[in-house]
Amino acid sequence: MKDYIQYTFQVFANLVSLGYITVLASLLIANAMLKSQFSVMALITTLNIFLFLPMVGVIIFAVLWRTKIGLLCALIGGALLYWYHPFIPQRPFEGLTTTEENQLKTLSFNLGWYTTPPDLLGQMLATQEADIVAVQEIHRVAIDLFGTQLAEQYPYQILDSNTATSGLLSKHPIIEYEWLYPEGGRAMLHAVIDWEGQPIHVYSVHLLPPPLRWYDARHLDLPPELNMDYLPRGLNEWQQKKETNFLINHAGTIQDPVIIMGDFNMSDQSESYALLRNHFRDAYRDGGWGLGFTFPNETTVRGIRVSVPLIRIDYIFYTHQLDIIESDVLCFPQRSDHCGITSSFALP
Numbered sequence: 001m002k003d004y005i006q007y008t009f010q011v012f013a014n015l016v017s018l019g020y021i022t023v024l025a026s027l028l029i030a031n032a033m034l035k036s037q038f039s040v041m042a043l044i045t046t047l048n049i050f051l052f053l054p055m056v057g058v059i060i061f062a063v064l065w066r067t068k069i070g071l072l073c074a075l076i077g078g079a080l081l082y083w084y085h086p087f088i089p090q091r092p093f094e095g096l097t098t099t100e101e102n103q104l105k106t107l108s109f110n111l112g113w114y115t116t117p118p119d120l121l122g123q124m125l126a127t128q129e130a131d132i133v134a135v136q137e138i139h140r141v142a143i144d145l146f147g148t149q150l151a152e153q154y155p156y157q158i159l160d161s162n163t164a165t166s167g168l169l170s171k172h173p174i175i176e177y178e179w180l181y182p183e184g185g186r187a188m189l190h191a192v193i194d195w196e197g198q199p200i201h202v203y204s205v206h207l208l209p210p211p212l213r214w215y216d217a218r219h220l221d222l223p224p225e226l227n228m229d230y231l232p233r234g235l236n237e238w239q240q241k242k243e244t245n246f247l248i249n250h251a252g253t254i255q256d257p258v259i260i261m262g263d264f265n266m267s268d269q270s271e272s273y274a275l276l277r278n279h280f281r282d283a284y285r286d287g288g289w290g291l292g293f294t295f296p297n298e299t300t301v302r303g304i305r306v307s308v309p310l311i312r313i314d315y316i317f318y319t320h321q322l323d324i325i326e327s328d329v330l331c332f333p334q335r336s337d338h339c340g341i342t343s344s345f346a347l348p
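Residues in the sequence shown are numbered consecutively from 1, following the working numbering.
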């Protein structure tokens with residue numbers, strides 16, 4: 001009788017594991033093929049990390065009931081997870097001779113508009129001791145405070161809330177800069193920085209968020225207690241693709257080292273991200289550990305409190321003329337609804 005019960009559970013575990021892996025693979029294939037055609041597929045692709053949560057059950061089944069099929073499904077699921085969401089550095093730093101003096105440390109941080117008093121933001125930026133800081137969602141109060149509180153540490157600042165929502169602070173001289181205006185998008189900052197005689201082209205960007213389509217319970221014949229207004233039903237990425245292509249066309253022709261930092265408002269599963277990865281390297285993917293989620297950071301989304309980041313939308317990209325040393329995500333409690341991202345580079 002005991003053997004029969006164990007056999008029954010093994011069969012059940014195998015069926016559940018096989019069913020889950022089949023559904024998971026089918027959804028991932030459908031996402032890859034249809035996300036550009038259907039907004040609901042684009043949304044599922046953005047949040048596909050959560051499709052892997054049932055993997056915990058598959059692993060438990062495989063261990064408890066010692067099923068080879070369950071173990072195989074767990075291995076397939078793990079391989080798919082790593083393919084879509086690599087969580088170890090792709091290009092780990094391999095001990096090039098370098099010191100803090102010949103490293104270039106960068107930081108990108110979305111200030112979160114008026115989420116936090118600017119003096120606290122200034123203190124946070126100062127403690128990171130980055131050479132170049134790209135900021136987004138700047139405002140007049142923060143600009144005035146940074147101009148005094150951080151003037152000694154960052155003597156070179158380009159902050160203009162009348163022109164753009166992004167800006168730049170630098171310890172190194174800014175040789176020249178220009179504002180770029182993609183059609184229908186936000187202004188982007190392009191600056192050339194003199195890093196010990198080497199010109200570095202730095203972009204500070206803040207792309208428009210993709211329109212998120214929500215359910216409207218008024219058009220659904222549902223009981224009043226079933227409020228679906230908080231459920232998204234699609235994501236439209238067309239504007240992001242336009243801004244991304246504009247950025248690629250401008251930065252992709254530069255022969256000197258290029259660093260692109262900012263709040264891109266896109267997940268690393270989106271088509272726009274794939275376009276960028278075709279031309280630039282992702283600093284966190286190359287030099288960071290973990291999934292690198294940056295948003296939302298202790299904030300409220302559609303009335304729902306979210307305590308931990310659930311998606312990666314802040315990035316630092318770079319070109320092959322630079323070597324990545326390390327990259328990290330910095331989440332500061334009650335400083336912003338975004339986490340910051342920092343990356344250190346060296347010249348080969």
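Beta carbons are placed, not taken as given, at the ideal position from N, Cα and C, and that holds for glycine.
Apart from the five residues on each side of it in sequence, which residues of its chain come closer than 7 Å, Cβ to Cβ, to G184?
If you ignore the 5 residues before and after G184, its C-beta comes within less than 7 Å of the C-beta of Q239, K242, all in its own chain and listed in chain order.
Going by the CB atoms, is the gap between H338 and F280 shorter than 8 Å?
no
Return the residue from the list M55, G290, L208 that minimises the CA-CA distance to S272.
L208
Span of the beta strand (DSSP E) holding Q157?
Residues 156 to 158.
Helix, strand or coil for V63, going by three-state DSSP, please let me know.
helix
State the DSSP-derived secondary structure class of S166, mapped to helix, strand or coil.
strand
Near S161, which residues of its chain fall below 7 Å by C-beta distance, leaving aside the five closest residues on each side in sequence?
I138, H139, R140, I143
Any idea what DSSP makes of A346, helix, strand or coil?
Assigned with DSSP and collapsed to three states, A346 falls in strand.
Between which two residues does the beta strand (DSSP E) harbouring S206 extend?
In the sequence under discussion, the amino acid at residue 206 is His, which differs from the Ser named in the question. Looking at the DSSP string, the run of the beta strand (DSSP E) that includes H206 is 198 to 206.
For P333, which residues from the same chain have a beta carbon less than 7 Å from its beta carbon, with the 5 sequence-adjacent residues on both sides left out?
E298
Is DSSP giving N265 helix, strand or coil here?
coil
Have a look at L64 and Y315 and give me their C-alpha separation to the nearest angstrom.
If I take the Cα positions, the gap works out to 40 Å.
Report the start-end ranges of each alpha helix (DSSP H) in the region 71 to 132 that is 4 residues or longer and not cut off at the edges.
118 to 128
Tell me whether G50 is buried or exposed, calling it buried when 16 or more other Cβ atoms sit within 10 Å of its Cβ.
Strictly speaking, residue 50 in this sequence is Phe, with Gly absent from that position. With fewer than 16 Cβ atoms within 10 Å of its Cβ, F50 is classed as exposed.
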